[in-house]
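The structure appears below as structure tokens.
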Amino acid sequence: MSVTDQAFVTLATNDIYCQGALVLGQSLRRHRPTRKLVVLITPQVSRLLRAILSKVFDEMIEVNLIDSADYIHLAFLKRPELGVTLTKLHCWTLTHYSKCVFLDADTLVLSNVDELFDRGEFSAAPDPGWPDCFNSGVFVFQPSLHTHKLLLQHAMEHGSFDGADQGLLNSFFRNWSTADIQKHLPFIYNLSSNTTYSYSPAFKQFGSSAKVVHFLGSTKPWNYKYNPQSGSVLEQGSAPSSQHQAAFLNLWWTIYQNNVLPLYQSVQAGEALAAPGHTLCLSDVGVPCVDSASGAGEPCANSTPSASVPCANSAPGSNQPAQGLPEPTHLIVDEILSLPEGRRSEDMIGCPEIETPAVITCDPLSQPSPQLADFTETETTLQPANKVKSVPSEETFELSQELPAEVVRDPSPQDALEVDLAVSVSQISIEEKVKELSPEEERRKWEEGRIDYMGKDAFARIQEKLDRFLQ
Ligand SMILES: O=c1ccn([C@@H]2O[C@H](COP(=O)(O)OP(=O)(O)O[C@H]3O[C@H](CO)[C@@H](O)[C@H](O)[C@H]3O)[C@@H](O)[C@H]2O)c(=O)[nH]1
Ligand SMILES: [Mn+2]
1 MSVTDQAFVT LATNDIYCQG ALVLGQSLRR HRPTRKLVVL ITPQVSRLLR AILSKVFDEM
61 IEVNLIDSAD YIHLAFLKRP ELGVTLTKLH CWTLTHYSKC VFLDADTLVL SNVDELFDRG
121 EFSAAPDPGW PDCFNSGVFV FQPSLHTHKL LLQHAMEHGS FDGADQGLLN SFFRNWSTAD
181 IQKHLPFIYN LSSNTTYSYS PAFKQFGSSA KVVHFLGSTK PWNYKYNPQS GSVLEQGSAP
241 SSQHQAAFLN LWWTIYQNNV LPLYQSVQAG EALAAPGHTL CLSDVGVPCV DSASGAGEPC
301 ANSTPSASVP CANSAPGSNQ PAQGLPEPTH LIVDEILSLP EGRRSEDMIG CPEIETPAVI
361 TCDPLSQPSP QLADFTETET TLQPANKVKS VPSEETFELS QELPAEVVRD PSPQDALEVD
421 LAVSVSQISI EEKVKELSPE EERRKWEEGR IDYMGKDAFA RIQEKLDRFL Q
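Per full-length UniProt numbering, residue 1 is the first one in the sequence shown, and the count goes up by one each step.
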């Protein structure tokens, strides 16, 4: 039975965090949630990622990025990510829901967690670093404009002791650790992926009942490279700290490969149809059992090739991208991960962890071609595309009365983080790059007071330019 006035909510302020939100959304879907899935995005998210998110989430709601630069005047800023994570507070404006569960975009759901809706505001699990504080990566809350207003007021009056949302929320809900044990979520609802390293006997005892894994900290799953053939992340600079952590990372990537990448392919194929010549570089390479990302590196047992399926056009759904948004993420598919011989999803039964994979197959008999006509969607878990909503204007108005004018920004694209997906037979990686700004955008940034004092606008570099000019 589905409950339409309650929702799981996440946040992604750029295309990189969208990768996490997509895996989280698909991990929730695999366990058949009875609540809606909602993603909060900011204007920085590209139209391609919006199109993909709308295939996974029931609702996509655009909110204003509360940018750290805006808070210089409020003098409460030490860490640049503060503003961004304060954007999380917008979740209290979702008043068309009676209760919600917030999940960070770097969390992964391992089983059905609908029972979280039996808890009340404000429920959260202890933070592994300081268990008298809660971790703000998973929490139960009740949307309310009044609470939202109080939270923003609290932010302005008291700041945040850690410079981000977790410190703010802990001081706002300050009796969490003592008042009501019902509001202490068990740790299995927010298991930090690296805890297994710090207390492995406990993990051995209780780890199998983990329901939500949280990749907290600076290295996220998308920072690793993944080998689709072995089904495991590649050990490089940032090697996983334990075997268990590696298993969670491998699961993240399995879902990414099987349930997220195909969405790119179908949406980009649709875009190519709408605008021929769109960047989509594909070559037809049969990859033996690329979906065998079980974590153990075992090949799929039941991968009997079926008759090849002729490719057909696949429309991306009803989502038409909005105008004036950041340029889409680049998808570089060097060698497409097509299943050999047009293998259908039914053939994947032997692959563990994959219940209803979204699979795109390509007719191996047809010529390699960058045309979308080479694709067909055989089975997907896609949800109906949904409308993009914005926070109602009255709320924005109310908000802008509360805060200095510059805190609430025009929803103009700015500093979009672009993503390069590099997909080959032996490696998948998600590279992030900061978009090069045009001279006009640079000037606008300066005029808005968003100056990169530590980076390219550092005094030494300006001096260099002046010297060159004066020579
Ligand atoms: O550039 C960003 C940064 C963060 N987020 C969102 O904000 C969440 C929190 O950021 P994250 O990088 O996941 O922080 P953690 O490494 O988990 O660090 C801790 O500290 C953060 C700041 O207090 C809290 O928000 C987290 O819940 C807490 O686990 C993310 O999951 C996203 O949903 C973005 O959308 N874009
Ligand atoms: Mn997190």
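Backbone N, C-alpha and C fix where the C-beta goes; we use that ideal spot for every residue, glycine too.
Where do the N-terminal and C-terminal ends of the beta strand (DSSP E) with residue i fall, by residue?
{"i": "residue 493", "result": "With the chain covering only 1 through 471, there is no way to say anything about residue 493."}
{"i": "isoleucine 41", "result": "35–41"}
{"i": "phenylalanine 215", "result": "That residue, phenylalanine 215, is in no beta strand (DSSP E); it is neither H nor E in DSSP."}
{"i": "valine 101", "result": "99–103"}
{"i": "aspartate 162", "result": "Element bounds for aspartate 162: n/a, residue is neither H nor E."}
{"i": "glutamate 62", "result": "59–62"}
{"i": "glycine 137", "result": "130–141"}
{"i": "alanine 125", "result": "123–127"}
Buried or exposed: where does residue i fall if 16 or more other Cβ atoms within 10 Å of its Cβ makes it buried?
{"i": "glutamine 182", "result": "exposed"}
{"i": "serine 2", "result": "exposed"}
{"i": "glycine 129", "result": "exposed"}
{"i": "proline 43", "result": "buried"}
{"i": "leucine 421", "result": "buried"}
{"i": "glutamate 418", "result": "buried"}
{"i": "glycine 217", "result": "exposed"}
{"i": "residue 472", "result": "Nothing about residue 472 can be read from this structure; the chain reaches only from 1 to 471."}
{"i": "leucine 168", "result": "buried"}
{"i": "glutamate 62", "result": "buried"}
{"i": "threonine 4", "result": "exposed"}
{"i": "asparagine 175", "result": "exposed"}
{"i": "arginine 443", "result": "exposed"}
{"i": "serine 27", "result": "buried"}
{"i": "glutamate 215", "result": "In the sequence on display, residue 215 carries phenylalanine and not glutamate. The residue is buried, with at least 16 neighbouring Cβ atoms inside 10 Å."}
{"i": "lysine 204", "result": "exposed"}
{"i": "lysine 55", "result": "buried"}
{"i": "serine 266", "result": "buried"}
{"i": "proline 262", "result": "buried"}
{"i": "tryptophan 252", "result": "buried"}
{"i": "tyrosine 274", "result": "As written in the sequence, residue 274 is alanine, which differs from the tyrosine given in the question. Exposed is the call here."}
Excluding the five sequence neighbours on either side, which residues of its own chain have a C-beta within less than 6 angstroms of the C-beta of residue i, listed in chain order?
{"i": "phenylalanine 248", "result": "Ser193 and Val213"}
{"i": "aspartate 104", "result": "Gly137"}
{"i": "arginine 119", "result": "Val140"}
{"i": "serine 123", "result": "Val140, Lys183 and Leu185"}
{"i": "tyrosine 199", "result": "none"}
{"i": "phenylalanine 161", "result": "Gly167"}
Using only the alpha-carbon positions, how far apart do residue i and residue j sit?
{"i": "glutamate 121", "j": "cysteine 133", "result": "15 angstroms"}
{"i": "glutamine 245", "j": "phenylalanine 57", "result": "27 angstroms"}
{"i": "arginine 50", "j": "isoleucine 430", "result": "17 angstroms"}
{"i": "glycine 159", "j": "glutamine 166", "result": "11 angstroms"}
{"i": "leucine 65", "j": "lysine 220", "result": "21 angstroms"}
{"i": "aspartate 467", "j": "glycine 20", "result": "44 angstroms"}
{"i": "glutamate 59", "j": "valine 23", "result": "16 angstroms"}
{"i": "cysteine 18", "j": "threonine 178", "result": "35 angstroms"}
{"i": "leucine 191", "j": "glutamine 463", "result": "49 angstroms"}
{"i": "lysine 88", "j": "alanine 210", "result": "25 angstroms"}
{"i": "tyrosine 189", "j": "leucine 108", "result": "10 angstroms"}
{"i": "serine 438", "j": "threonine 13", "result": "21 angstroms"}
{"i": "arginine 30", "j": "asparagine 112", "result": "8 angstroms"}
{"i": "leucine 116", "j": "alanine 272", "result": "41 angstroms"}
{"i": "glutamine 6", "j": "threonine 93", "result": "13 angstroms"}
{"i": "histidine 148", "j": "phenylalanine 187", "result": "26 angstroms"}
{"i": "alanine 202", "j": "glutamine 268", "result": "45 angstroms"}
{"i": "valine 38", "j": "glutamine 243", "result": "32 angstroms"}
{"i": "valine 425", "j": "asparagine 170", "result": "45 angstroms"}
{"i": "valine 423", "j": "aspartate 106", "result": "21 angstroms"}
{"i": "proline 126", "j": "glycine 270", "result": "44 angstroms"}
What first and last residue would you give for the alpha helix (DSSP H) that runs through residue i?
{"i": "alanine 246", "result": "243–255"}
{"i": "threonine 147", "result": "145–158"}
{"i": "phenylalanine 206", "result": "200–206"}
{"i": "threonine 178", "result": "176–179"}
{"i": "tyrosine 226", "result": "Per DSSP, tyrosine 226 belongs to no alpha helix (DSSP H); it is in the beta strand (DSSP E), 225–227."}
{"i": "leucine 52", "result": "In the sequence under discussion, the amino acid at residue 52 is isoleucine, which differs from the leucine named in the question. Element bounds for isoleucine 52: 47–56."}
{"i": "aspartate 165", "result": "165–172"}
{"i": "serine 27", "result": "15–30"}
Less than 8 angstroms between C-beta atoms, sequence neighbours within five positions excluded: which residues of the same chain meet that for residue i?
{"i": "residue 474", "result": "A question about residue 474 goes unanswered here, because the residues of the chain that appear run from 1 up to 471."}
{"i": "phenylalanine 172", "result": "Leu150, Leu151 and His154"}
{"i": "leucine 53", "result": "Ala12, Cys18, Ala21, Leu22, Gly25, Val39, Ile41, Val45 and Met60"}
{"i": "threonine 95", "result": "Pro143, Ser144 and Leu145"}
Residues in its own chain within less than 7 angstroms of residue i by CB, not counting five upstream and five downstream?
{"i": "aspartate 114", "result": "Pro33, Thr34 and Arg35"}
{"i": "isoleucine 16", "result": "Trp222, Leu417, Val419 and Glu432"}
Is residue i close to chain D? Criterion is C-beta to C-beta, closer than 7 angstroms.
{"i": "phenylalanine 141", "result": "Absent from the structure: chain D. Only one protein chain is present."}
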